[in-house]
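Residue numbers (the numbering used here), protein chains in the order written: chain A, 34 to 462; chain B, 3 to 302.
C-beta: ideal position from N, C-alpha, C; glycine also.
Computed from a prediction, not measured in an experiment: that's the story for all the values here.
Next up, the structure:
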């Protein structure tokens, strides 16, 4: 135990003192905050597009003399007296042969190119006008038509432990996938550090010196734990700094709008009947169970890392140089790559389906799949079972990896085959 | 101090060690010799418990070897290695503590040895900033820092200039005089004769010769004698099968003679003295190197 602690201590201190660690630790939250800010900004700008554009309509057909219905962003002025084109956003020309049965030849001219949303908006408004005219022609009254238009909005909420919680599938998916992606990234990032560390000790022959003082298992475990602590330190600093930065950014971005937490509360109490889309997003974000999410993230990050880094250590011990690790890296990382691919499609579509449930039980895929599922809500027994499997999986894999490591670390000269590596697992002593 | 009893170790198709036994006392230097691949490193790894033998036992200080006793061993492997980016002081503290020293004892040992070997200025330097020879010196100090009772040195002189090799040699002798038992594996035969009290020669996993250095040499003597004399010795000498002469700068002749088995050296000396003025006479013992080449059949 004393030696494991010494090895862990060396791995930890030698790494956290590095400039690259300090730089990454400080830059990470800034990147995260920028990412978070971008999401909020996009969500807001989507609903807060206040730009109003006036379109000049030159109607030669006489069909639209009563005007064209505007929408939130575009409104139309038909055949005005003042035809100074410069004061308009663009000019829509309806030719004289344009009829409700043959609505062809309409052209739009402007100094700026038309974006796809504006084009379809314009088309929709014209189609709507023509449709009304056709309905009127068939004998319907304009008033009857107006009364046909209804607007229904569904705001999704989820009942959990008797409480009604705002629920937004997109937010759940984004948070789950972001968490899973970070776990994926960290397993690689820190797992590769373990691999490099072992390869360094082997190729510099440090292991020859050290192995007479430390048992191979202690050396391997010490290294893995040391780097785990480095990762944990980094992630915790990131979470702390990110939270602080977000606390600063959120009010800046949502200034003028209601405080999202208050909004969430009001929505819950039923005081706001129809929450706006923007409020929905923020409310859903603040209604996520952050405690479970952060705990789940840290748990799956650590255990996933421990599981994979034990395998990375075994690989590095088996070969002579870092470049030879490639051949063995690929098969080991397949489950990881597979889960991030599956997470994007199957799991996000059906987070509580059979495939997602099974994959979140298998220790090799659980860290990523379970992380994606967590924001959607996972039943407690599933979470507990998955965590137990994760712990047993880590212990089992580490034991096997240490069998390979113990032989590989002192074996020089030739690159072993898979068959030989399996044989090493059974060597005695 | 150290007793290896009938140790055997087999790998898939190869026998690395076959019934190897060895005894080493404190205050002695034991030369462990053998060509590359003979099984020296396998034996050392079994003694240091890095690998386990298939059969046989190792005793250290009268007890069967176990993990707790390992800290009484200092092992300098042939393939050296330390952390390149770590400072010398940090490495020394790390390795010393892995050997069970307390922080205070570690610092004390570091100060003693760094002072003694003129290494104080290196403490704050990273390993990669030091020359190869300096790195070797650091490694040597790390091996002896915890005052091991048994010191296993695998090619301790490689990488040193003659001056530093001499310093290290004297330190090894000093450790021996303080009662350490030293197992010295080397290809430098001159250092074997100079340093070792006993030798064990291994080839193909088997012990070929074992014993006290001079005893081994006389065991392999071939009735070869060297005479230095003034004057000319022309007559053929009775009982001499081979003879080669060399005139030296001072005009004397150095003559190497192979004497037939059973022939009295006493008679030969009398014969020679009748003709010339004999200055020196000695029996030629084969060097360890000669014995090694003769038995192993390979150049080293």
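Exercise. To the nearest angstrom, how far is it from the Cα of residue 453/A to the Cα of residue 350/A?
Worked result: Approximately 13 Å, taken between the alpha carbons.
Exercise. Expressed to the nearest angstrom, what Euclidean distance is found between the alpha-carbon atoms of residue 120/B and residue 229/A?
Worked result: Answer to the nearest angstrom: the Cα atoms are 34 Å apart.
For this session: Examine chain B for any beta-carbon lying closer than 7 Å to the beta-carbon of residue 450/A, and answer yes or no.
Result: With 7 Å as the cut-off, residue 450/A does not count as an interface residue toward chain B.
Problem set entry | For residue 74/A and residue 166/A, the rounded distance between their alpha carbons | Roughly 40 Å separates the two Cα atoms.
Exercise. By the criterion of Cβ-Cβ separation under 7 Å, what are the contact partners of residue 67/B in chain A?
Worked result: Residues of chain A passing the Cβ test: none, with the nearest at roughly 12 Å.
Problem set entry | residue 98/B: first and last residue of the uninterrupted alpha helix (DSSP H) it sits in | Note, residue 98/B: alpha helix (DSSP H), 90-100.
Exercise. Alpha carbon to alpha carbon, what distance is there between residue 253/A and residue 346/A?
Worked result: Cα to Cα, the separation comes out at about 7 Å.
Exercise. Which one of 249/B, 283/B, 255/B has the shortest CA to CA distance from residue 268/B?
Worked result: For the set 249/B, 283/B, 255/B, the Cα lying nearest the Cα of residue 268/B is the one of 283/B.
For this session: On a CA-only basis, which of 178/A, 118/A, 176/A, 102/A is nearest residue 156/A? Give me that one, please.
Result: In terms of CA proximity to residue 156/A, 102/A leads the group 178/A, 118/A, 176/A, 102/A.
For this session: Pull up the DSSP beta-bridge partners for residue 208/B, would you.
Result: BP columns for residue 208/B point to 205/B.
Exercise. According to DSSP, is residue 259/B helix, strand or coil?
Worked result: Note: residue 259/B maps to strand in three-state DSSP.
Exercise. Do you know offhand how far residue 443/A's Cα is from residue 417/A's?
Worked result: About 39 Å.
Exercise. Any Cβ of chain B within less than 7 Å of the Cβ of residue 44/A?
Worked result: Residue contact check for residue 44/A against chain B: no CB pair falls below 7 Å.
Problem set entry | C-beta neighbour in chain B for residue 59/A, strict 7 Å | Not one chain B Cβ lies under 7 Å of residue 59/A.
For this session: Use the C-beta contact count for residue 62/A: other C-beta atoms within 10 angstroms, 16 or more gives buried, fewer gives exposed.
Result: Residue environment: residue 62/A is assigned as buried (16 or more neighbouring CB atoms within 10 Å of its CB, all protein chains considered).
For this session: Would you mind giving the Cβ-Cβ distance between residue 111/A and residue 98/A, rounded to the nearest angstrom? I have them listed as a contact below 8 Å.
Result: Approximately 6 Å separates the beta-carbon atoms of residue 111/A and residue 98/A; this is inside 8 Å, confirming the contact.
For this session: With a floor of 4 residues, list each alpha helix (DSSP H) that falls wholly inside the region 362-448 of chain A, ordered by position along the chain.
Result: Entirely contained in the region 362-448 of chain A, the alpha helix (DSSP H) runs reaching 4 residues are, in chain order, 387-392, 399-406, 413-441.
Exercise. In its own chain, which residues sit with a C-beta less than 6 Å from the C-beta of residue 439/A, not counting the 5 before and 5 after it?
Worked result: Closer than 6 Å at Cβ, skipping near neighbours: 249.
Problem set entry | Counterpart residues of residue 184/B in DSSP-defined beta bridges | Paired residues: 31/B, 153/B.
Exercise. Quick one, which residues of the region 235-248 of chain A are near chain E if we go by CB-CB under 8 Å, in chain order?
Worked result: As a matter of chain content, chain E is missing from the structure shown, whose protein chains are A and B.
For this session: Quick one: list the residues of chain B neighbouring residue 47/A, beta-carbon separation under 9 Å, in chain order.
Result: Chain B residues near residue 47/A: 85, 87, 88, 92.
Exercise. Using the rule of at least 16 other Cβ atoms within 10 Å of the residue's Cβ for burial, across every protein chain shown, is residue 42/B buried or exposed?
Worked result: Counting the other CB atoms within 10 Å of its CB gives residue 42/B a total of 16 or more, which places it among the buried residues.
Problem set entry | Cβ neighbours of residue 59/B in the same chain (closer than 7 Å, five flanking residues each side left out) | Take residue 59/B, set aside five residues on each side of it, and the residues of its chain with a beta-carbon closer than 7 Å to its own are 7, 66, in chain order.
Exercise. Whose CA, out of 4/B, 55/B, 28/B, 152/B, lies closest to the CA of residue 207/B?
Worked result: Among 4/B, 55/B, 28/B, 152/B, the Cα nearest to that of residue 207/B is on 55/B.
For this session: Give the residues of chain A in contact with residue 81/B, contact being defined as C-beta atoms less than 8 Å apart.
Result: Within chain A, the residues near residue 81/B are 238, 241.
For this session: Give the straight-line distance between the Cα atoms of residue 277/A and residue 221/A, rounded to the nearest whole angstrom.
Result: Residue 277/A and residue 221/A have their alpha carbons spaced roughly 27 Å apart.
Problem set entry | Contact check, residue 344/A vs residue 213/A, beta carbons under 7 Å | Result no, Cβ atoms of residue 344/A and residue 213/A do not sit closer than 7 Å.
Exercise. Beta-carbon of residue 258/A versus every beta-carbon of chain B: anything under 7 Å?
Worked result: Taking Cβ atoms only, chain B never reaches closer than 7 Å to residue 258/A, which makes this a no.
For this session: Examine chain A for any beta-carbon lying closer than 7 Å to the beta-carbon of residue 224/B, and answer yes or no.
Result: Cβ-Cβ to chain A under 7 Å: no for residue 224/B.
For this session: Verify whether the separation of the beta carbon atoms of residue 412/A and residue 260/A is less than 7 Å.
Result: No, the pair does not count as a contact, with Cβ atoms beyond the cut-off.
Problem set entry | Close beta carbons around residue 356/A, own chain, < 6 Å, minus the five adjacent residues each side | Nothing listed; no residue qualifies.
For this session: Could you check if residue 472/A is buried or exposed, using at least 16 other CB atoms within 10 Å of its CB as the buried criterion?
Result: Since the first residue of chain A shown is 34 and the last is 462, residue 472/A is not available in this structure.
Exercise. With a CB to CB cut of under 7 Å and the five nearest residues on each side skipped, what residues in its chain are close to residue 35/A?
Worked result: Result list for residue 35/A: empty, nothing under 7 Å.
Problem set entry | Within 7 Å, strictly: CB atoms of residue 245/B and residue 259/B | For the pair residue 245/B and residue 259/B, the CB atoms are nearer than the 7 Å cut-off.
For this session: Output the distance between the C-alpha atoms of residue 305/A and residue 53/A, rounded to the nearest integer angstrom.
Result: Per-residue confidence for residue 305/A stands at a pLDDT of 48, beneath the threshold of 50, marking its modelled position as unreliable; the derived number appears in the next sentence. Taking the straight line joining both Cα atoms gives about 49 Å.
For this session: For the alpha helix (DSSP H) holding residue 109/B, just list the boundary residues, first then last.
Result: First-last of the alpha helix (DSSP H) with residue 109/B: 105-118.
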